[in-house]
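Participant: Mapping to the working numbering: the sequence shown position 90 is 337, numbers consecutive. C-beta: ideal position from N, C-alpha, C; glycine also.
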Amino acid sequence: MNPSLISLPAEVVCQIISHIPVENHPSISLTCRYMRDCSFVDRLWLQRCRDEYNIDDYTGWKGVSSYYQFYSRILYRYGPLLGVWQRRMGCYGGLISIEARDGKIFGEECVVKCYDGSSVDEIKVVRRPVFVITTTDDQEDCTVQCQTLLHESHAGSIDMKILKNGLVDKFKLVCHAKCRHNPLENNDLVFFFDSLYQLWTKDELQQDDTDDHNHTFVNDVIGRKFLTYLSWSHGFTFTRLAPIQGNTPSDQILQSGYYAGTYGVHGLEIIRITYNERTISGIKISGDSNVPAGKVTFKAFLNNPISIRSSEDSPILLPDDLIPLVNGIPRRVAAIYHGSGQIAFNGYRLSRFINGKFIIFDSDTCGFAWLGNSFTLFKRLDEEFLNI
């Protein structure tokens, strides 16, 4: 050991240690007692919690009495999961927010709903539990609990690989009680099936299921999605979504971000709108059986605007040929561009892009007019619910 290093004040040594990768801390603590004491100074680990995960409070975490314990037991292993993710289950997806609060790490799906059940003019975001990570007073390891639609918890685990940069780009939630998610696979739990479907229908359609017990819904769009959910819910795969703040060009009014729009019988879906040079792209986060999650739903070309009448004293008005497509939407618009929208048959068969018009109303509202007289209105979601 270099005598000059151990002669330095503890504050200076701690500052030096703070710049050393956390994987090397065990080696530092083995050099001598002085270095070991410095490497366990709690404010050093508080700073790591702040710098790496923007967390500075371990209140509520059972069995945790120091920032060193908080970092080493919880954040070092599960901190890389914090952020925004896309869940995949076949053609469907979901927007997942993972955050630490109240002594737990919550993984929750962000589900969009309309206040009146039909229009995206007034939307709200609710959280549907997917999993929770907790600590106990008497165990070193954290516990992972799967959450079912009925808010019942049971044991699970998370399969992930931390990259060299300390990040995780994908992980899988593995359920240890598959039958709790899919009652059809366990004769003793079949009675849960009706309750699960009633809850699912109410969540998806914001209304109670009125069908009889013949389960004719299996052939319906919502029924197929429900059955897909049951078959995948014991082993969801998640992919990290990159941040999109600052993606909006300075000359554009429409903000990049997450938007909700109605896709006919598929209901409300979440898309992600970003800019790439002079192209606006809408990528499906939710997805459906026609155009799945992760696929482009539309593109708009900023170098190919559509001229619309305007004057200095009046707002730009929506062209007459688009008025029937936007019932209930004000005719005032900011800009219209030529674009292309993707369509496909069920199962993503014979997919192709058709011509359309991309309409910007304001910084948070846009729409796409598809060839064939259909229109989808998109409203930007308040990203505070994502904790980003």
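Taking Ile352 as the reference, give the member of Arg320, Lys360 and Gly337 with the closest Cα.
Facilitator: On the sequence shown, residue 352 is found 105 positions in, with the first residue counted as 1. The residue with the shortest Cα to Cα distance from Ile352 is Arg320.
Participant: Using only alpha-carbon positions, find the residue among Asp303, Arg324 and Gly307 that is nearest to Tyr314.
Facilitator: Locating residue 314 in the sequence shown gives position 67, where the first residue counts as 1. The residue with the shortest Cα to Cα distance from Tyr314 is Asp303.
Participant: Entirely within the segment 313-353 and at least 3 residues each: give me those beta strand (DSSP E) ranges in chain order.
Facilitator: Within the segment 313-353, the complete beta strand (DSSP E) runs of at least 3 residues are 330-336 and 339-348.
Participant: By Cβ distance below 6 angstroms, which residues in the same chain neighbour Gly581 in space, the five residues on each side in sequence not counted?
Facilitator: Numbered from its first residue, the sequence shown carries residue 581 at position 334. At residue 581 the sequence reads Ala, which differs from the Gly that was named. Closer than 6 angstroms at the Cβ level, and outside the excluded window around Ala581, lie Ile500 and Ile607.
Participant: Given a cut-off of 8 angstroms on the beta-carbon distance, is the pair Asp384 and Gly310 in contact?
Facilitator: Locating residue 384 in the sequence shown gives position 137, where the first residue counts as 1. Locating residue 310 in the sequence shown gives position 63, where the first residue counts as 1. Contact: yes.
Participant: Starting from Ile263 and walking both ways along the beta strand (DSSP E), at which residues does that stretch end?
Facilitator: As a first step, residue 263 is located in the sequence shown; it is residue number 16 there, counting from the start. It is not in any beta strand (DSSP E) - Ile263 instead sits in the alpha helix (DSSP H) that spans Ala257 to Ile264.
Participant: For Gly511, which of helix, strand or coil comes out of DSSP?
Facilitator: Position 264 of the sequence shown, counted from the start, is the residue given in the question as residue 511. The answer is helix: DSSP assigns Gly511 an H, G or I state.
Participant: Is it buried or exposed, Asn537, if we count other Cβ atoms within 10 angstroms and call 16 or more buried?
Facilitator: Against the sequence shown, residue 537 aligns to sequence position 290. Asn537 comes out buried.
Participant: How about Leu342 and Tyr505: are their beta carbons less than 8 angstroms apart?
Facilitator: Counting from 1 along the sequence shown, the entry for residue 342 is found at position 95. Counting from 1 along the sequence shown, the entry for residue 505 is found at position 258. Yes.
Participant: Assess, as a yes-or-no matter, whether the segment 612-632 is touched by the segment 548-555 under the definition of 3 or more beta carbon pairs within less than 8 angstroms.
Facilitator: Flag = no, the segment 548-555 and the segment 612-632 do not touch.
Participant: Report the three-state DSSP secondary structure of Leu628 (helix, strand or coil).
Facilitator: Numbered from its first residue, the sequence shown carries residue 628 at position 381. Coil.
Participant: Restricting to Cα atoms, I'd like to know which of Asn301, Gln445 and Ile380 is closest to Trp308.
Facilitator: Residue mapping note: residue 308 aligns to position 61 of the sequence shown, counting from 1. If we check each option's Cα against that of Trp308, Ile380 comes out closest.
Participant: Looking only at C-alpha atoms, which of Leu628, Asp629 and Phe600 sits nearest to Trp617?
Facilitator: On the sequence shown, position 370 is the one that residue 617 refers to. Checking every option, the nearest Cα to that of Trp617 belongs to Phe600.
Participant: May I ask which residues mark the beginning and end of the beta strand (DSSP E) holding Ser404?
Facilitator: On the sequence shown, residue 404 is found 157 positions in, with the first residue counted as 1. First-last of the beta strand (DSSP E) with Ser404: Ser400 to Met407.
Participant: Contact defined as beta carbons within less than 8 angstroms: I believe Phe625 pairs with Gly586. What is the distance between those atoms, to the nearest angstrom?
Facilitator: Here residue 625 refers to the residue found at position 378 of the sequence shown. Here residue 586 refers to the residue found at position 339 of the sequence shown. Contact flag wrong, Cβ pair sits at about 13 angstroms.
Participant: Could you pull out every residue in the same chain whose Cβ sits closer than 8 angstroms to the Cβ of Phe287, ignoring the five residues on either side in sequence?
Facilitator: For the purposes of this step, residue 287 is identified with residue 40 of the sequence shown, where counting begins at 1. Once the five neighbours on either side are set aside, the close Cβ partners of Phe287 are Ser276 and Tyr315.
Participant: Look at the alpha carbon of Tyr595 and the alpha carbon of Arg627, and state the distance between them as a whole number of angstroms.
Facilitator: As a first step, residue 595 is located in the sequence shown; it is residue number 348 there, counting from the start. As a first step, residue 627 is located in the sequence shown; it is residue number 380 there, counting from the start. Their backbone Cα atoms lie some 26 angstroms apart in a straight line.
Participant: Counting C-beta neighbours from all protein chains within 10 Å, is the total for Ala547 16 or more, i.e. buried, or is it exposed?
Facilitator: What you label residue 547 is simply residue 300 of the sequence shown in a count that begins at 1. Result: buried.
Participant: Kindly indicate which three-state DSSP category Leu488 falls into: helix, strand or coil?
Facilitator: Locating residue 488 in the sequence shown gives position 241, counting from the first residue. Correct three-state label for Leu488: coil.
Participant: Tell me whether the beta-carbon of Val512 lies closer than 8 angstroms to the beta-carbon of Gly529.
Facilitator: Here residue 512 refers to the residue found at position 265 of the sequence shown. Here residue 529 refers to the residue found at position 282 of the sequence shown. In this structure, Gly529 does not lie closer than 8 angstroms to Val512 by Cβ.
Participant: When DSSP labels each residue in this structure, what does Val373 get in the three-state scheme?
Facilitator: Translated into positions along the sequence shown, residue 373 becomes position 126. It is a strand residue.
Participant: If I measure Cβ to Cβ from Ser503 and keep anything under 7 angstroms in the same chain, skipping five residues before and after, which residues do I get?
Facilitator: Residue mapping note: residue 503 aligns to position 256 of the sequence shown, counting from 1. So the qualifying residues of the chain are Ile491, Asn494, Thr495, Ile520, Thr521 and Tyr522.
Participant: If you draw a straight line from the alpha carbon of Gln589 to that of Glu355, how long is it in whole angstroms?
Facilitator: Taking the sequence shown and counting its residues from 1, the one referred to as residue 589 is at position 342. Taking the sequence shown and counting its residues from 1, the one referred to as residue 355 is at position 108. Their backbone Cα atoms lie some 29 angstroms apart in a straight line.
Participant: Could you compute how far the alpha carbon of Tyr300 sits from the alpha carbon of His272?
Facilitator: As a position in the sequence shown, residue 300 is number 53, starting the count at 1. As a position in the sequence shown, residue 272 is number 25, starting the count at 1. Going from the Cα of Tyr300 to the Cα of His272 covers about 19 angstroms.
Participant: Return yes when the Cβ of Lys417 is within less than 8 angstroms of the Cβ of Phe485, no when it is not.
Facilitator: One-based indexing of the sequence shown puts residue 485 at position 238. One-based indexing of the sequence shown puts residue 417 at position 170. Yes.
Participant: For Arg525, name the three-state secondary structure that DSSP assigns.
Facilitator: As a first step, residue 525 must be located in the sequence shown, where it is residue number 278. Arg525: coil per DSSP, three-state reduction.
Participant: Report the option in Ser265, Leu515 and Ile409 whose CA atom is closest to the CA atom of Trp292.
Facilitator: What you label residue 292 is simply residue 45 of the sequence shown in a count that begins at 1. Nearest of Ser265, Leu515 and Ile409 to Trp292, Cα basis: Ser265.
Participant: Figure out for me which residue from Val259, Ile253, Asp289 and Glu270 has the closest Cα to the Cα of Thr278.
Facilitator: The residue labelled residue 278 in the question sits at position 31 within the sequence shown. Here the closest residue by C-alpha is Ile253.
Participant: Report the CB separation of Ser400 from Gln392 in whole angstroms; it is logged as a contact under 8 angstroms.
Facilitator: As a first step, residue 400 must be located in the sequence shown, where it is residue number 153. As a first step, residue 392 must be located in the sequence shown, where it is residue number 145. Contact holds; Cβ gap of about 4 angstroms.
Participant: With Tyr684 and Ala540 assumed to form a contact (beta carbons below 8 angstroms), what rounded beta-carbon distance in angstroms separates them?
Facilitator: With the chain covering only 248 through 635, there is no way to say anything about residue 684.
Participant: At which residues does the alpha helix (DSSP H) containing Cys296 begin and terminate?
Facilitator: Sequence index remark: in the sequence shown, residue 296 carries index 49 (1-based). First-last of the alpha helix (DSSP H) with Cys296: Asp289 to Tyr300.
Participant: Looking at C-alpha atoms only, which residue of Thr395, Lys604 and Ser478 is the closest neighbour of Arg375?
Facilitator: Here residue 375 refers to the residue found at position 128 when the sequence shown is read from its first residue. When only C-alpha atoms are compared, the closest one is Thr395.
Participant: Give every residue of the same chain whose Cβ lies closer than 6 angstroms to the Cβ of Phe350, excluding the five residues on either side of it in the sequence, and list them in chain order.
Facilitator: Residue mapping note: residue 350 aligns to position 103 of the sequence shown, counting from 1. Looking at the sequence itself, residue 350 is Gly, so the reference to Phe does not match. Correct list, in chain order: Gly307 and Trp308.
Participant: Look at the alpha carbon of Phe622 and the alpha carbon of Asp629, and state the distance between them as a whole number of angstroms.
Facilitator: Position 375 of the sequence shown, counting from 1, holds the residue named residue 622. Position 382 of the sequence shown, counting from 1, holds the residue named residue 629. Going by the C-alpha atoms only, they are around 23 angstroms apart.
Participant: Evaluate Pro256 with the Cβ neighbour count: other Cβ atoms within 10 Å of its Cβ, from every protein chain shown; 16 or more gives buried, anything less gives exposed.
Facilitator: What you label residue 256 is simply residue 9 of the sequence shown in a count that begins at 1. Classification for Pro256: exposed.
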